[in-house]
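Whatever position you read off the sequence shown (first residue = 1), add 405 for the numbering used here.
Take a look at the structure below.
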Amino acid sequence: MSPDLKKERPAQRAAVPVPKWGPSSTTDHGMAAINRHQPAEISHQLTGHLILCSFTTCVGRETRLAGSRIRTVDAHAGSCEIVPAGADYWARWHNHKEVAVFSVESDWLSKIAQQEVGATRLELEVDALPFVSDRIRQIAQMLRSEFMQPHHEPSSLYTDSLLTLLGMELIRNHSSAAARPERRQRRMPKKTIDKVTQYMRSEIGTAITVESLADVVGYSANHFLKCFKAETGQTPHKFLVNLRLDLAQELLTTTKSSITDIAFKAGFSSQTHLTSAMTKERSVTPGQLRRGLVLDQ
406 MSPDLKKERP AQRAAVPVPK WGPSSTTDHG MAAINRHQPA EISHQLTGHL ILCSFTTCVG
466 RETRLAGSRI RTVDAHAGSC EIVPAGADYW ARWHNHKEVA VFSVESDWLS KIAQQEVGAT
526 RLELEVDALP FVSDRIRQIA QMLRSEFMQP HHEPSSLYTD SLLTLLGMEL IRNHSSAAAR
586 PERRQRRMPK KTIDKVTQYM RSEIGTAITV ESLADVVGYS ANHFLKCFKA ETGQTPHKFL
646 VNLRLDLAQE LLTTTKSSIT DIAFKAGFSS QTHLTSAMTK ERSVTPGQLR RGLVLDQ
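In structure tokens form, the structure reads like this:
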């Protein structure tokens, strides 16, 4: 019998459409996960749009959508699938699988479509069969790489950014709004970037999302991501990580607070997370900084 995959919906979180078979990150608009599992089957009525990208080949994978007949196909490594919200979905596979799983809430995706292309109605044009998408595969690889970082899951801002990029890919190439041109972008002036930076610093110890940053300056989420990177040369996530590292560096060299307390104050999930980020970005550990090692900037 298919396992019951329904889970209780956490407060202010998107519904989780798949069992926890690997690391995952959930935001208010959806979730992203890397699932690894031996041969099994699942059955679920989806509350959000489900997007899959395989890292392994599943031979003879069986699927059924909305009560239709069972279809058997080989889902090759790199292939993608889209299952629309509200669908009754069943799948069975016969060998070990590793897959990136994304779920985005339909209302949120419709909001992006309205903001970016003026679409008043959005339908995904899919049939749940495997297809190739270089863009979705790239986003899946970005998620996988982030989960491979030691001792932490992606931040809310990073996961939100990936979901926004994925949402725009769905709108552009896999929906009823695909033929509509995107609205013209405008430049992001320095005072706007300064306003975003000020907000990041004021909320540095909290879970910052793309939407919260975009709302500060009146941009759509997708427009904000593009304009911010074009003007700063960094993604909002990378920019925020550096602000958090700057604060951690200052506290490490000017206070006697413990490294764990400093990590939390700077917005990192743990001392290990701070150490990992500082080693990666600054080539120095918090302990070395505290002992007076001079950074090679």
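No residue lacks a Cβ here, since even glycine has one placed at the ideal position from N, Cα and C.
- Of the residues Leu618, Cys485, Ser607, Gln450, the one whose Cα lies closest to the Cα of Phe460 is Cys485.
- In this structure, the CA atom of Thr658 is about 15 Å from the CA atom of Leu679.
- Relative to Arg466, the option among Ser550, Arg577, Leu534 whose CA is nearest is Leu534.
- Around the CB of Arg606, fewer than 16 other CB atoms lie within 10 Å, so the residue is classed as exposed.
- When the Cα atoms are used, Gln639 and Leu645 turn out to be separated by approximately 9 Å.
- Lys600 sits away from Val615, with the two beta carbons spaced by 7 Å or more.
- In this structure, Glu686 keeps its C-beta atom at 7 Å or more from the C-beta atom of Leu648.
- Between Lys661 and His481, the alpha-carbon positions lie close to 54 Å from each other.
- Around Ala492, the same chain offers Leu451, Leu470, Ala471 as residues with beta carbons nearer than 6 Å, after the five sequence neighbours per side are excluded.
- Contact between the stretch 496 to 505 and the stretch 436 to 453 is present: three or more C-beta pairs spanning the two stretches fall below 8 Å.
- The beta carbon of Ser538 sits closer than 6 Å to those of Cys485, all from its chain and outside the five residues before and after it, given in chain order.
- Closest option to Ser560, judged by alpha-carbon separation, among Arg695, Arg542, Lys643: Lys643.
- Take the alpha-carbon of Thr462 and the one of Ile598: they are about 44 Å apart.
- Under DSSP, the beta-bridge partners assigned to Gly435 are Val509.
- One Cα belongs to Ala437, the other to Ser550, and the distance between them is close to 13 Å.
- Burial of Glu574 is indicated by the presence of at least 16 other C-beta atoms within 10 angstroms of its C-beta.
- Judged by DSSP secondary structure, His628 falls outside any beta strand (DSSP E) and instead within the alpha helix (DSSP H) spanning 626 to 637.
- DSSP places Gln450 in no alpha helix (DSSP H) but in the uninterrupted beta strand (DSSP E) bounded by 445 to 450.
- When the alpha-carbon of Leu570 is set against those of Met683, His454, Lys631, the nearest one is in Lys631.
- Boundaries around His678 are those of the alpha helix (DSSP H), 676 to 687, since no beta strand (DSSP E) includes it.
- Contact between Ser508 and Gly435 holds: their C-beta atoms lie close to 5 Å from each other, under 8 Å.
- Here Ala635 is exposed. Its C-beta has fewer than 16 other C-beta atoms within 10 Å.
- Ser681 and Ser515 have their alpha carbons spaced roughly 37 Å apart.
- With respect to the 7 Å criterion, Leu548 and Leu567 are classified as neighbours on the basis of their beta carbons.
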